[in-house]
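Let me begin by presenting the structure, written as structure tokens, before commenting on it.
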Amino acid sequence: MQMHTEKIGLFTVARGESGSGGDRTVRPRRFPHALPPPLPPGYAKTMALEFTDLCCSRAGLPVLTGLSHRVEDGGITLLRGPNGAGKSTLLRVLAGLLPPESGTATLDGIHLGSSRDAWTEAVAFAGHLDAVKPQLTVAENLRFWAALLGAAGIDAALDAFDLGALADRAAHACSAGQKRRLGLARLALVPRRLWLLDEPAVSLDAAATTALTRLVGAHRAAGGMALIATHTDLDLAGAATLTLSPAPPGITTGPARPDPFLADIAR
Amino acid sequence: MHPMSIWRYANPVEFLRVSGAALPWFWAGTALCLATGLAWGFFGTPDDYRQGSTVKILFLHVPAALMAINAWLMMLAASLIWIIRRHHVSALAARAAAPVGAVMTVIALFTGAVWGQPMWGTWWVWDPRLTSFFILFVFYLGYIALWNAIDEPDRAADLTAVLCLVGSVFALLSRYAVFFWSQGLHQGPSLSLDRQENVDNAFYWPLLICIAGFILLFLSLVLLRTRTEIRARRLRALQNLQARA
Amino acid sequence: MSPLRAVLGRELRLALRSGGGAGLGLAFFLTVILLVPFGTGPDPDRLATIAVGTLWIGALLACLLSLDRLFQTDFEDGTLDILALSPLPMEMTVALKCLAHWLTTGLPLVIAAPVLAITLNLPGAAAPWLIASLAVGTPALSFLGAIGGALTVGIRRGGLLLSILVLPLYIPTLIFGAATVRAAIDGTDPTPPLLLLTGLTLAILALAPFAAAAALRINLR
Numbered sequence: 001m002q003m004h005t006e007k008i009g010l011f012t013v014a015r016g017e018s019g020s021g022g023d024r025t026v027r028p029r030r031f032p033h034a035l036p037p038p039l040p041p042g043y044a045k046t047m048a049l050e051f052t053d054l055c056c057s058r059a060g061l062p063v064l065t066g067l068s069h070r071v072e073d074g075g076i077t078l079l080r081g082p083n084g085a086g087k088s089t090l091l092r093v094l095a096g097l098l099p100p101e102s103g104t105a106t107l108d109g110i111h112l113g114s115s116r117d118a119w120t121e122a123v124a125f126a127g128h129l130d131a132v133k134p135q136l137t138v139a140e141n142l143r144f145w146a147a148l149l150g151a152a153g154i155d156a157a158l159d160a161f162d163l164g165a166l167a168d169r170a171a172h173a174c175s176a177g178q179k180r181r182l183g184l185a186r187l188a189l190v191p192r193r194l195w196l197l198d199e200p201a202v203s204l205d206a207a208a209t210t211a212l213t214r215l216v217g218a219h220r221a222a223g224g225m226a227l228i229a230t231h232t233d234l235d236l237a238g239a240a241t242l243t244l245s246p247a248p249p250g251i252t253t254g255p256a257r258p259d260p261f262l263a264d265i266a267r
Numbered sequence: 268m269h270p271m272s273i274w275r276y277a278n279p280v281e282f283l284r285v286s287g288a289a290l291p292w293f294w295a296g297t298a299l300c301l302a303t304g305l306a307w308g309f310f311g312t313p314d315d316y317r318q319g320s321t322v323k324i325l326f327l328h329v330p331a332a333l334m335a336i337n338a339w340l341m342m343l344a345a346s347l348i349w350i351i352r353r354h355h356v357s358a359l360a361a362r363a364a365a366p367v368g369a370v371m372t373v374i375a376l377f378t379g380a381v382w383g384q385p386m387w388g389t390w391w392v393w394d395p396r397l398t399s400f401f402i403l404f405v406f407y408l409g410y411i412a413l414w415n416a417i418d419e420p421d422r423a424a425d426l427t428a429v430l431c432l433v434g435s436v437f438a439l440l441s442r443y444a445v446f447f448w449s450q451g452l453h454q455g456p457s458l459s460l461d462r463q464e465n466v467d468n469a470f471y472w473p474l475l476i477c478i479a480g481f482i483l484l485f486l487s488l489v490l491l492r493t494r495t496e497i498r499a500r501r502l503r504a505l506q507n508l509q510a511r512a
Numbered sequence: 513m514s515p516l517r518a519v520l521g522r523e524l525r526l527a528l529r530s531g532g533g534a535g536l537g538l539a540f541f542l543t544v545i546l547l548v549p550f551g552t553g554p555d556p557d558r559l560a561t562i563a564v565g566t567l568w569i570g571a572l573l574a575c576l577l578s579l580d581r582l583f584q585t586d587f588e589d590g591t592l593d594i595l596a597l598s599p600l601p602m603e604m605t606v607a608l609k610c611l612a613h614w615l616t617t618g619l620p621l622v623i624a625a626p627v628l629a630i631t632l633n634l635p636g637a638a639a640p641w642l643i644a645s646l647a648v649g650t651p652a653l654s655f656l657g658a659i660g661g662a663l664t665v666g667i668r669r670g671g672l673l674l675s676i677l678v679l680p681l682y683i684p685t686l687i688f689g690a691a692t693v694r695a696a697i698d699g700t701d702p703t704p705p706l707l708l709l710t711g712l713t714l715a716i717l718a719l720a721p722f723a724a725a726a727a728l729r730i731n732l733r
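Take a look at the structure:
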């Protein structure tokens with residue numbers, strides 16, 4: 001079968017000269033920032049997180065080079081990989097903080113980059129920093145996030161990590177593990193479709209780690225999804241694993257764009 | 268992309284090739300224009316009946332002042348191109364132009380002081396135009412300092428582009444605010460296209476040639492510095508690769 | 513509690529708690545005004561001629577002093593990430609932070625300035641215009657400062673750089689603010705510069721949050 005393509009305006013037209021004769025596919029040229037086509041009415045959205053060919057660089061170094069994965073409704077994926085493999089970068093990309101250089105991500109049919117509000121309302125992000133203000137008490141910290149995110153109250157969040165006894169303690173008097181619990185308790189304030197957790201179990205004791213897995217389990221039971229970067233083993237039955245490896249050396253790596261400053265050296 | 272499109276030169280490698288070929292011609296043009304214009308201006312024009320030969324500093328002062336402003340405008344255009352089209356050469360050209368523009372501002376201020384001393388009897392007055400150039404110089408300093416403070420090149424390009432946009436608005440605002448603040452001693456525009464204005468006929472052509480020389484000097488320096496910036500980025504990219512290999 | 517009140521309340525609470533530094537700007541202002549007569553000599557007439565400039569520049573520097581805390585601590589402890597992902601637009605968060613900065617830094621200066629003006633022998637007739645010009649002008653100082661704070665948030669020891677970036681932006685505000693008071697001293701009509709100052713401040717209030725939010729988003733990448 002012979003194929004040739006023609007460029008007509010914005011469209012690349014591929015013509016095939018085979019079988020049924022005259023069959024042609026018209027495919028719009030892909031712009032990295034182009035808006036996705038609107039969904040037809042009555043179209044059932046895929047309830048999943050899916051990302052395809054994600055590429056991203058930090059400080060001029062390619063970190064993600066064409067990463068693809070799918071998390072089903074109620075699915076958990078553990079991100080594994082050595083330091084510098086791009087776990088945190090992936091989480092920041094999926095949170096919407098870091099625009100990817102290329103590739104797409106959709107969450108329940110919403111395209112990353114198309115609607116900031118729809119995306120941020122579906123995502124909860126807990127980075128490796130706790131976002132805890134030392135001058136405020138534990139309850140004050142939580143109450144602020146509750147008001148900002150529109151949660152009804154903080155009791156459930158306090159209970160989730162057994163923070164009730166610490167509620168009136170100033171956060172600067174809390175230990176690292178207690179601050180971590182306070183940071184994670186934010187997840188229990190409002191329901192979100194997708195949790196993005198960066199090393200949540202760091203500095204947690206055994207009881208708190210159990211509380212974390214219980215919270216993630218409840219989130220999953222309610223149909224939520226989670227992407228968890230972790231070095232420690234979390235007791236999450238049925239969780240998928242996505243292992244990231246550092247970008248291989250070389251000038252062009254997979255579908256990543258070559259460095260424009262080395263375009264003459266890159267193949 | 269159309270092969271003759273101007274954006275072809277936004278490719279760093281293509282830019283290096285083309286600018287390398289063009290640069291000697293720019294230098295030659297600079298040397299020719301500056302030599303002719305300055306020699307004609309300094310030795311081929313009569314002394315002013317009132318200002319004597321002091322007036323001839325105008326052949327340095329006016330072109331430098333013009334380029335001080337135009338360099339910022341070029342940085343503004345380059346920053347906008349970087350924000351909208353994300354061409355690395357554009358961001359690096361803006362970075363390359365800043366020190367050149369800052370030096371032009373210093374030349375304009377310095378020659379202005381040297382000219383003003385015998386004319387006004389003082390090295391410096393807080394005249395609106397002098398003050399505006401002083402302010403412009405401070406904006407250049409901030410812009411250069413921000414570029415140098417940020418390690419990550421693309422982030423530095425983004426943030427300095429934001430600063431350049433904000434700075435442009437406030438440099439213009441400051442200029443009008445400064446005129447509100449003080450009415451000055453400074454003469455009006457020295458050059459206009461109908462050439463009936465302030466400048467004597469005998470000064471007109473050598474001044475134009477000097478201005479052309481300064482424009483070419485600016486372009487040559489910016490091309491040269493942009494090439495250096497591109498090479499520094501290439502070096503950095505190669506070092507990154509080597510560090511990972 | 514609405515998200516707007518939550519952010520504003522938190523900012524005020526953090527500023528007023530220990531280590532928040534709400535009173536530092538005012539203390540700095542007092543100290544600068546105390547030092548000026550040592551530099552110029554105690555002659556009341558001479559002090560009167562420089563009173564306006566001293567008060568305005570003192571206010572400017574006092575505002576500048578606390579700007580590096582505006583976003584820096586939130587950036588370092590990860591709060592800014594969560595704020596960027598909250599339902600509140602970044603521009604609104606920036607505007608609220610600037611408002612809190614003005615309430616804790618700018619407003620005390622407006623109140624203290626007429627008292628300090630007496631020590632500098634500023635003519636009494638000009639005092640209401642000093643208050644008016646500072647009340648109208650200092651919000652612009654907080655909002656412009658946010659641009660500098662957002663640009664330098666990722667830079668360690670960015671305080672000095674912040675001053676170099678922000679102080680030139682203060683020039684138009686300073687010119688119109690000081691011109692208002694000087695016009696009142698000279699007996700000319702102080703309303704034109706005051707109206708220009710008001711217009712300038714309103715434009716800055718409307719536009720600066722967009723520039724600052726853009727810079728913050730770049731820094732959060």
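Residue numbers (my numbering), protein chains in the order written: chain A, 1 to 267; chain B, 268 to 512; chain C, 513 to 733.
Here a beta-carbon is modelled for each residue, glycine too, at the ideal position from N, C-alpha and C.
In this text, all values refer to a predicted model and were calculated from it rather than measured experimentally.
request  = Tell me whether the beta-carbon of L619 (chain C) lies closer than 8 Å to the beta-carbon of A720 (chain C).
outcome  = Position 107 of the third sequence, counting from 1, holds the residue named residue 619 (chain C). Position 208 of the third sequence, counting from 1, holds the residue named residue 720 (chain C). Contact: no.
ask   = What are the start and end residues of the alpha helix (DSSP H) that includes M341 (chain B)?
value = By one-based count along the second sequence, residue 341 (chain B) stands at place 74. M341 (chain B) -> alpha helix (DSSP H) spans 325–352.
query = What residue does the beta strand (DSSP E) around R193 (chain A) start on, and which one ends it?
reply = Reading the first sequence from its first residue, position 193 is the one you call residue 193 (chain A). Here R193 (chain A) belongs to no beta strand (DSSP E), and DSSP marks it neither H nor E.
inquiry  = Please list the terminal residues of the continuous beta strand (DSSP E) segment that includes F406 (chain B).
reply    = Taking the second sequence and counting its residues from 1, one reaches residue 406 (chain B) at position 139. F406 (chain B) -> not in any beta strand (DSSP E); alpha helix (DSSP H) instead, spanning 395–416.
task = Would you grab the beta carbon distance between G183 (chain A) and L597 (chain C) for me? Rounded to a whole angstrom, and I think it's under 8 Å.
result = By one-based count along the first sequence, residue 183 (chain A) stands at place 183. By one-based count along the third sequence, residue 597 (chain C) stands at place 85. Incorrect: roughly 14 Å between the Cβ atoms, too far for contact.
request  = Pull up the CB-CB distance for P556 (chain C) and A444 (chain B), whole angstroms please, since I reckon it's below 8 Å.
outcome  = As a working note, residue 556 (chain C) is residue 44 in the third sequence. As a working note, residue 444 (chain B) is residue 177 in the second sequence. Their Cβ separation, rounded to whole angstroms, is 30 Å, which puts P556 (chain C) and A444 (chain B) out of contact at 8 Å.
Limits of the unbroken alpha helix (DSSP H) element including P721 (chain C) = Within the third sequence, the letter at position 209 stands for residue 721 (chain C). Element bounds for P721 (chain C): 703–732.
message = Is there a Cβ of chain C sitting closer than 8 Å to that of A469 (chain B), yes or no?
response = Counting from one through the second sequence, the residue named residue 469 (chain B) turns up at place 202. Taking Cβ atoms only, chain C never reaches closer than 8 Å to A469 (chain B), which makes this a no.
query = With 8 Å set as the bound, which would you pick, yes or no: does the beta-carbon of D461 (chain B) sit closer than that to a beta-carbon of chain A?
reply = Stepping through the second sequence from its first residue, residue 461 (chain B) is reached at position 194. With a pLDDT of 45 at D461 (chain B), under the threshold of 50, the modelled position of this residue cannot be trusted; read the value that follows with caution. No, no contact with chain A.
query = What residues are listed by DSSP as bridge partners for H128 (chain A)?
reply = Walking along the first sequence from the start, residue 128 (chain A) turns up at place 128. Beta-bridge pairing links H128 (chain A) to no other residue.
task = Note down the Cα distance separating L546 (chain C) from L526 (chain C), rounded to an integer number of angstroms.
result = If you number the third sequence from 1, residue 546 (chain C) lands on position 34. If you number the third sequence from 1, residue 526 (chain C) lands on position 14. Straight-line Cα distance between these residues: approximately 29 Å.
request  = Assuming R501 (chain B) contacts L262 (chain A) (C-beta within less than 8 Å), just tell me the rounded distance between them.
outcome  = Looking up residue 501 (chain B) in the second sequence gives position 234. Looking up residue 262 (chain A) in the first sequence gives position 262. Right, the Cβ-Cβ distance comes to about 6 Å (below 8 Å), so this counts as a contact.
request  = Could you tell me which chain B residues have their CB closer than 8 Å to the CB of G689 (chain C), listed as they occur along the chain?
outcome  = Within the third sequence, numbered from 1, the residue matching residue 689 (chain C) stands at position 177. Under the 8 Å cutoff, chain B gives no residues; its nearest Cβ is about 11 Å from G689 (chain C).
task = Give every residue of the same chain whose Cβ lies closer than 7 Å to the Cβ of A247 (chain A), excluding the five residues on either side of it in the sequence, and list them in chain order.
result = Residue numbering aside, residue 247 (chain A) sits at position 247 when the first sequence is read from its first letter. Cβ within range, chain order: P62, V63, T65, T253.
ask   = With a cut-off of 8 Å, do at least 3 Cβ pairs link the region 587–601 of chain C to the region 644–655 of chain C?
value = no
inquiry  = Please state whether the Cβ-Cβ distance between M342 (chain B) and F485 (chain B) is less than 8 Å.
reply    = For the purposes of this step, residue 342 (chain B) is identified with residue 75 of the second sequence, where counting begins at 1. For the purposes of this step, residue 485 (chain B) is identified with residue 218 of the second sequence, where counting begins at 1. For M342 (chain B) and F485 (chain B), no; Cβs fall outside 8 Å.
query = If you count every other CB in all the chains shown that lies within 10 Å of the CB of P191 (chain A), and 16 or more means buried, which is it?
reply = On the first sequence, position 191 is the one that residue 191 (chain A) refers to. Answer is exposed; the Cβ neighbour count stays below 16.
query = Mind checking whether G661 (chain C) and Q135 (chain A) have CB atoms under 8 Å apart?
reply = Residue numbering aside, residue 661 (chain C) sits at position 149 when the third sequence is read from its first letter. Residue numbering aside, residue 135 (chain A) sits at position 135 when the first sequence is read from its first letter. Against a cut-off of 8 Å, the Cβ pair of Q135 (chain A) and G661 (chain C) comes out as no contact.
ask   = Hey, is the region 143–158 of chain A in contact with the region 624–638 of chain C, meaning 3+ C-beta pairs nearer than 8 Å?
value = no
ask   = Within 8 Å (strictly less), CB to CB, does V132 (chain A) reach chain C?
value = The residue you call residue 132 (chain A) lines up with position 132 of the first sequence. Yes - at least one Cβ of chain C is within 8 Å of the one on V132 (chain A).
request  = Step through the CB atoms of chain B and report whether any lies within less than 8 Å of the CB of L673 (chain C).
outcome  = Translated into positions along the third sequence, residue 673 (chain C) becomes position 161. Taking Cβ atoms only, chain B reaches closer than 8 Å to L673 (chain C), which makes this a yes.
query = Smallest Cα separation from L508 (chain B): which of A:S57, A:E50, A:A173, A:T52?
reply = Here the question's residue 508 (chain B) lines up with position 241 in the second sequence. The shortest C-alpha separation from L508 (chain B) is found at A:S57.
Cβ of R458 (chain C) within 8 Å of any chain A Cβ = The structure shown does not extend to residue 458 (chain C), since chain C is modelled only from 513 through 733, so no value can be given for it.
inquiry  = Once DSSP output is grouped into helix, strand and coil, what is the label at F51 (chain A)?
reply    = For the purposes of this step, residue 51 (chain A) is taken as the residue at position 51 of the first sequence. F51 (chain A): strand per DSSP, three-state reduction.
inquiry  = Please report the distance separating the alpha-carbon of A185 (chain A) from that of I228 (chain A).
reply    = In the first sequence, residue 185 (chain A) corresponds to position 185, counting from 1. In the first sequence, residue 228 (chain A) corresponds to position 228, counting from 1. Cα-Cα distance, rounded: 16 Å.
Given A696 (chain C) as reference, the closest of C:R517, C:G537, C:A727, C:V564 once Cα atoms are compared = Within the third sequence, residue 696 (chain C) is the residue found at index 184, counting from 1. When each option's Cα is compared against that of A696 (chain C), the closest is C:V564.
key: Selection from C:L576, C:L615, C:G570, C:A560 that minimises the alpha carbon distance to I676 (chain C)   = Your numbering for residue 676 (chain C) matches position 164 in the third sequence. Nearest C-alpha to I676 (chain C): C:L576.
request  = Taking T241 (chain A) as part of the beta strand (DSSP E), name the residues at either end of that continuous run.
outcome  = Residue mapping note: residue 241 (chain A) aligns to position 241 of the first sequence, counting from 1. Element bounds for T241 (chain A): 240–243.
key: C-beta atoms of G86 (chain A) and T243 (chain A) nearer than 8 Å   = Taking the first sequence and counting its residues from 1, the one referred to as residue 86 (chain A) is at position 86. Taking the first sequence and counting its residues from 1, the one referred to as residue 243 (chain A) is at position 243. No, these two residues do not count as a Cβ contact at 8 Å.
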